[in-house]
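Per the numbering used here, the sequence shown starts with residue 5, numbered consecutively.
Glycine included, C-beta positions come from ideal geometry on N, C-alpha and C.
Scroll down for the structure; my scribbles are underneath it.
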Amino acid sequence: MKYISTRGQAPALDFEQVLLTGLAPDGGLYVPETLPRWSHEQLVSWVGLSYTELAYQVVAPFVAGAIPDADLKAIIEDTYVDFRHPAIAPLVQLDHNEWLLELFQGPTLAFKDFALQMLGRLLDYVLEKRGQKVVIMGATSGDTGSAAIQGCKRCKNIDIFILHPHQRVSEVQRRQMTTVAGANIHNIAVEGNFDDCQSMVKASFGDQSFLPADRQLVAVNSINWARIMAQIVYYVYAALALGAPHRPVSFSVPTGNFGDIYAGYLAKCMGLPIDQLVVATNANDILHRVLSDNDYSRHQLKHTLSPSMDIVISSNFERLLFDCYGRDGAAIAALMKAANEGSVQIAPAAFEKARALFDSAAVDDAGTVAMIRDVWESSEYLLDPHSAIAVAAGRACRRGRDVPMVALATAHPAKFPEAVQLAGYTAEVPLPHHMADLFELEERCTVLPNDLRQVQAFMASHINA
Ligand SMILES: *Cc1c(COP(=O)(O)O)cnc(C)c1O
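Here's what the structure looks like:
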């Protein structure tokens with residue numbers, strides 16, 4: 005399997021190369037040159053497989069021989085060892101034909117564990133084989149950093165440096181990063197905001213000369229193809245459990261960077277009978293605006309009760325646009341250039357294609373809180389704010405009640421106590437058992453000034469030999 009850039013000007017890569025790359029050199033994102041297709045019979049034969057057995061079936065064609073089958077199976081088995089529910093991605097029923105897919109059973113209590121637990125292991129395997137070591141550098145405002153650290157904590161060939169804005173992430177989120185022991189894990193609290201952190205990461209990727217000669221940076225943000233790939237699996241798992249391929253299933257997905265729902269779109273393209281795919285946003289609603297009104301203008305960032313969806317633009321949307329523009333890389337390059345310079349319109353034919361594929365709704369903080377309260381009162385199930393947005397958008401957009409609607413529950417409510425309290429839930433939401441000692445563990449973190457040179461000097465002197 006080859007991977008090509010959405011902007012058409014970068015060399016095609018194989019799986020191993022794409023794993024070690026972030027953006028393509030032409031500024032685009034890598035996507036598979038062709039997608040595998042699942043036949044009806046194949047899907048039928050997967051009914052009843054365990055999560056890890058299914059993950060192997062879904063992932064293998066994308067890895068395309070880069071990793072021998074037995075080793076890939078072992079990697080996938082190991083990927084989910086730290087998940088605390090035996091089903092890995094359990095379904096919970098909310099109402100008639102309405103379901104939640106709990107994607108927060110991993111070590112950091114958010115769905116990003118699905119992708120980053122697999123990515124860390126795939127990277128370490130490939131690096132070991134190549135006799136190579138790399139440096140992961142990322143900026144986080146919350147969930148990504150802790151999931152990346154957990155995913156890489158046992159990797160022998162990776163040093164990971166995560167920058168977060170000093171005193172601007174929640175205590176649970178900070179402790180989830182700073183209490184993970186490991187000589188290869190480096191937390192940096194930058195005296196600045198999230199944008200400052202992200203700018204430093206961007207600048208460092210642009211000029212990597214501060215690193216030792218035998219090291220390169222690897223990106224673990226959601227543009228990394230392997231993250232998308234790992235997320236396809238749970239759409240298939242949930243749909244098969246609810247009767248696919250004999251009947252269609254719909255999904256409502258709380259969306260920020262369009263990574264998670266893009267994986268659902270790929271599952272549909274590959275033959276999974278998905279009826280509706282609902283893009284659920286918070287007040288940062290560029291995706292809802294573009295899908296409903298072809299309004300792709302950037303608005304100012306709003307801080308909401310669902311911070312993991314607080315974005316101005318959605319990087320992975322480019323991957324969808326590439327398909328909607330008939331895979332015309334030159335057109336995407338021109339569109340993205342124009343979008344950087346101001347407001348643009350998606351070409352009418354491409355817009356109609358996107359609109360036919362997705363439904364969308366934006367849910368503000370008041371709607372989020374109301375949904376948490378509503379579901380708590382009707383079923384004594386406590387939603388986190390991101391999952392509440394998925395449920396609310398699913399209800400607003402669903403066409404009928406014959407097709408099961410699955411809302412993706414992307415985080416555990418204990419991570420976002422503020423929203424839960426606003427919904428009138430006054431008891432403390434306990435952290436799950438495996439994290440009960442989070443507030444006792446020792447923290448390891450270095451506070452640095454908002455200065456690129458000093459951050460890079462710190463990194464250079466802390467990379468393990
Ligand atoms: C990252 C995240 C999202 C958004 O996922 P995207 O792939 O960026 O669309 C939603 N909910 C939670 C809890 C997250 O951490």
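| Element boundaries [beta strand (DSSP E), containing residue 214] | Unbroken run through residue 214: none, as it is neither H nor E.
| task | Can you check DSSP and say which residues form a bridge with residue 50? | result | According to DSSP, residue 50 bridges with nothing at all.
| query | For residue 96, which of 424, 185, 379, 389 has the nearest alpha-carbon? | reply | The shortest C-alpha separation from residue 96 is found at 379.
| What residue from 109, 75, 193, 149 has the CA that sits closest to residue 453's CA? | Selected option, being the one with the closest Cα: 193.
| Rounded straight-line distance, which links the Cα of residue 34 to that of residue 28 | Between residue 28 and residue 34, the C-alpha separation is close to 7 Å.
| request: Report the three-state DSSP secondary structure of residue 103 (helix, strand or coil). | output: Reduced to three states, the DSSP call for residue 103 is strand.
| field | Local conformation of residue 332 per DSSP, three classes | value | Shown here, residue 332 sits in coil according to DSSP, grouped into three states, outside any helix or strand.
| request: Quick one: grab the DSSP three-state call for residue 256. | output: In the three-state scheme derived from DSSP, where H, G and I count as helix and E and B as strand, residue 256 is classed as strand.
| Cross-strand partners of residue 82 (DSSP beta bridge) | Secondary-structure assignment with DSSP links residue 82 through no beta bridge to anything.
| task | Tell me, please, whether the segment 359-371 touches the segment 282-289 by the rule of three or more beta-carbon pairs shorter than 8 Å. | result | Result yes; three or more Cβ-Cβ pairs closer than 8 Å.
| Environment of residue 177 [buried if 16+ CB atoms lie within 10 Å] | The residue is buried, with at least 16 neighbouring Cβ atoms inside 10 Å.
| task | With a threshold of 16 other CB atoms inside 10 Å of the CB of residue 291, please say whether the residue is buried or exposed. | result | Under a 10 Å Cβ-count criterion, residue 291 is classified as buried, with 16 or more other Cβ atoms of the shown protein chains found around its own Cβ.
| said: Please tell me whether residue 58 and residue 50 are closer than 8 Å, where the distance is taken between their beta carbons. | reply: Less than 8 Å separates the beta-carbon of residue 58 from that of residue 50.
| request: Could you tell me the boundaries of the beta strand (DSSP E) in which residue 307 lies? | output: Here residue 307 belongs to no beta strand (DSSP E), and DSSP marks it neither H nor E.
| field | Runs of alpha helix (DSSP H) wholly within the segment 407-453 (minimum 4 residues, chain order) | value | Here the runs fully enclosed are 421-426.
| message | Would residue 79 and residue 134 be called neighbours here (beta carbons separated by less than 8 Å)? | response | Contact check for residue 79 against residue 134 fails: the beta carbons are separated by 8 Å or more.
| Opposing strand residues paired with residue 9 [DSSP bridges] | When beta bridges are read from the DSSP output, residue 9 appears opposite 34.
| field | Reference residue 473; option with closest CA among 306, 69, 401, 24 | value | A query on residue 473 cannot be resolved here, the shown segment of the chain reaching from 5 to 469 and no further.
| message | Taking the alpha helix (DSSP H) that residue 375 belongs to, which residues open and close that run? | response | Residues 369-383.
| Any chance the segment 141-158 sits against the segment 105-123, with 3 or more Cβ pairs inside 8 Å? | Touching, yes.
| request: Please find out if some non-hydrogen atom of ligand 1 comes closer than 7 Å to the beta-carbon of residue 357. | output: Outside the cutoff, so no.
| query | Just reading off the alpha helix (DSSP H) that residue 281 is part of, what are its end residues? | reply | Premise fails: residue 281 lies in the beta strand (DSSP E), 278-285, not in any alpha helix (DSSP H).
| query | Which one of 104, 88, 123, 102 has the shortest CA to CA distance from residue 4? | reply | Given a span of 5 to 469 for the chain in the structure shown, any question on residue 4 remains unanswerable.
| task | Whole angstroms is fine: what's the gap from residue 329's alpha carbon to residue 351's? | result | About 8 Å.
| message | Looking only at its chain, what residues have a beta carbon closer than 6 Å to the beta carbon of residue 376, apart from the 5 residues adjacent to it on each side? | response | Only 387, 392, 427 meet the Cβ criterion.
| query | Is residue 194 helix, strand or coil when you go by DSSP? | reply | Here residue 194 sits in strand by DSSP.
| message | Among 457, 413, 53, 421, whose alpha-carbon lies nearest the alpha-carbon of residue 204? | response | For residue 204, the closest of 457, 413, 53, 421 by C-alpha to C-alpha distance is 457.
| Assigned secondary structure, residue 165 (DSSP; H/G/I helix, E/B strand, else coil) | If DSSP states are grouped into helix, strand and coil, residue 165 belongs with the strands.
| task | Pull up the distance between the alpha-carbon of residue 416 and that of residue 295, whole angstroms please. | result | A direct Cα-Cα distance of roughly 28 Å separates residue 416 from residue 295.
| query | Of all Cβ atoms in chain C, is any one closer than 8 Å to the Cβ of residue 280? | reply | Here there is only one protein chain, and chain C is not present.
| Cβ-based neighbour list, residue 139, same chain, cut-off 8 Å, excluding 5 preceding and 5 following | In the same chain as residue 139, and ignoring 5 residues on each side of it, the C-beta atoms closer than 8 Å to its own belong to 162, 163, 164, 165, 215, 219, 220, 221, 222, 463, 467, in chain order.
| When burial is assigned at 16 or more other CB atoms within 10 Å of the CB, is residue 72 buried or exposed? | The residue in question, residue 72, is exposed, as its Cβ has fewer than 16 Cβ neighbours within 10 Å.
| Is any heavy atom in ligand 1 found nearer than 7 Å to the beta carbon of residue 398? | Outside the cutoff, so no.
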